[in-house]
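Enquirer: Input: one structure, supplied below.
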Amino acid sequence: MKEEKPNYGLYHKNLMIYLSILGILGIIICIFGFFMNNILKFIVIIVGVTIAIIFLWPALGLITVNLTVNNDRYQAYQIIENLRNNEPKLLDVGCGTGRAAISIAKNLKNGGIVCGIDIFNEHIISNNSIHTIQKNAKIENVDNKTEFKYGSALDIPYNNNEFDLVNTSFVLHEFSEKENALNEIKRVLKQNGIFCLTEFNRFSFQSILINGIFSLVFKDKKYWNNVLINNGFKEIEMLNKGPFIRYFAKK
Ligand SMILES: C[S@@+](CC[C@H](N)C(=O)[O-])C[C@H]1O[C@@H](n2cnc3c(N)ncnc32)[C@H](O)[C@@H]1O
């Protein structure tokens with residue numbers, strides 16, 4: 019019988035399609051330009067090249083991300099290394115289809131549970147749903163150490179001081195109300211509990227290569243460091259992984 023594979027979906031599938039269409043339009047404009055004369059030829063080619071670079075570049079970046087992404091990029095062992103007690107309780111906020119949460123659960127060796135919440139926005143990841151993540155956990159054999167719920171980062175459906183570690187991977191940049199989400203994360207963390215934050219690093223060479231002009235959507239190290247300090251996190255430690263930045267901070 020054929021083994022069933024997990025389906026982690028595609029990041030920003032529709033955006034990837036729209037950007038590709040606009041990029042190709044830029045190339046077509048460019049080709050038209052070659053058949054024109056004098057100054058018009060010059061202007062049309064410049065416009066076409068500009069459109070192609072602006073849109074095709076991040077489109078190719080998104081295509082590359084989706085073709086090359088694998089769950090090892092979450093380096094879940096780093097997250098587990100921070101846990102000192104047996105049977106830890108972890109929460110992945112914005113778990114999506116489970117790339118981070120399921121990798122973390124696979125690395126849990128001393129018992130414990132990984133919970134995950136998300137509003138399951140399908141514009142961000144295709145097939146993003148509670149059904150998909152539960153099915154992925156089952157296929158990856160971690161359904162006995164995971165628990166997933168529908169829930170917003172702005173109103174986390176768990177009690178105060180419940181978790182040893184809260185993780186967010188590529189989620190916080192989505193919020194304009196970061197302070198509210200961080201207050202909620204602090205509320206559900208135990209005293210001295212760890213917050214692990216992973217985001218794209220705006221000014222890294224790889225992020226610019228992957229995201230093109232859309233790299234500007236992301237923030238730099240200094241920004242995230244200040245967000246953590248201003249929201250009362252302590253003992254902040256930063257790990258820089260090429261296009262990604264990862265912080266560990268304590269409540
Ligand atoms: C870029 S995806 C990252 C998903 C997953 N952490 C990963 O690394 O594959 C961002 C996720 O944040 C979720 N999200 C956006 N706003 C949210 C909110 N207010 N509360 C919880 N999750 C949210 C989206 O539904 C999406 O699944």
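Quick note, our numbering runs 18 ahead of the 1-based positions in the sequence shown.
For each residue, glycine too, the CB sits at the ideal point set by N, CA and C.
Computed from a predicted model, the values in this text were never measured in an experiment.
Would you mind working out which of K153, T115 and K163 sits nearest K127, comparing C-alpha positions?
Expert: Of the candidates K153, T115 and K163, the one whose C-alpha sits nearest the C-alpha of K127 is K163.
Enquirer: I'd like to check one pair, K240 with N219: are the Cβ atoms closer than 8 Å?
Expert: no
Enquirer: Tell me which same chain residues have a C-beta within less than 6 Å of the C-beta of G169, skipping the five on either side of it?
Expert: I135 and P175
Enquirer: Among N248, N104 and Y26, which residue has its Cα nearest to the Cα of T86?
Expert: Y26
Enquirer: State whether the region 183-190 contacts the region 100-112, with contact taken as three or more CB pairs (one from each stretch) at a distance under 8 Å.
Expert: Touching, per the Cβ criterion.
Enquirer: Where K237 and H191 are concerned, what is the direct C-alpha to C-alpha distance, given to the nearest angstrom?
Expert: 8 Å
Enquirer: Assuming the contact rule is C-beta atoms closer than 8 Å, I61 and G44 should be a hit. Round their C-beta distance to whole Å, please.
Expert: Between I61 and G44, the beta carbon gap of about 14 Å keeps them out of contact (Cβ cut-off 8 Å).
Enquirer: In the DSSP output, what is Y168 paired with across the bridge?
Expert: D136
Enquirer: Taking 8 Å as the cut-off, decide whether the C-beta atoms of I212 and K268 are in contact.
Expert: K268 is positioned such that its CB atom lies closer than 8 Å to that of I212.
Enquirer: What does the alpha-carbon distance come out to for the pair E40 and F73?
Expert: Checking the displayed sequence, the identity of residue 40 turns out to be Leu instead of Glu. One C-alpha to the other measures close to 6 Å.
Enquirer: When we look at the beta-carbon of N229 and count the other beta-carbons within 10 Å, is it buried (16 or more) or exposed?
Expert: A buried status is given to N229, since no fewer than 16 other beta-carbon atoms sit within 10 Å of its beta-carbon.
Enquirer: Please go through the region 78-163 and give each complete alpha helix (DSSP H) segment of 4 or more residues, from N-terminal end onward.
Expert: 94-99, 117-125 and 148-157
Enquirer: Does the separation of the CB atoms of N145 and N139 fall below 8 Å?
Expert: No. Outside cutoff.
Enquirer: Excluding five sequence neighbours on each side, which residues of the same chain lie with their C-beta closer than 6 Å to the C-beta of L37?
Expert: F73, P76 and A77
Enquirer: Is it buried or exposed for G130, if we count other Cβ within 10 angstroms and need 16 for buried?
Expert: buried
Enquirer: Can you tell me whether DSSP reads Y176 as helix, strand or coil?
Expert: coil
Enquirer: Please list the terminal residues of the continuous beta strand (DSSP E) segment that includes R264.
Expert: F262 to K268
Enquirer: Residue range of the beta strand (DSSP E) that V184 falls in?
Expert: F181 to S187
Enquirer: Which term fits L172, buried or exposed, when burial requires 16 or more other beta carbons within 10 angstroms of its beta carbon?
Expert: Under this definition L172 is an exposed residue.
Enquirer: Using the Cα positions of K107 and N32, report the straight-line distance between them to the nearest angstrom.
Expert: 35 Å
Enquirer: Sorted by chain position, which residues of the same chain lie with C-beta nearer than 6 Å to G250's C-beta, five sequence neighbours on each side aside?
Expert: none
Enquirer: Does at least one heavy atom of ligand 1 sit under 7 Å from the Cβ of R102?
Expert: no
Enquirer: Please report the distance separating the alpha-carbon of F181 from that of I98.
Expert: 13 Å
Enquirer: Please list the terminal residues of the continuous alpha helix (DSSP H) segment that includes G41.
Expert: G41: member of the alpha helix (DSSP H) spanning K31 to F52, first to last residue.
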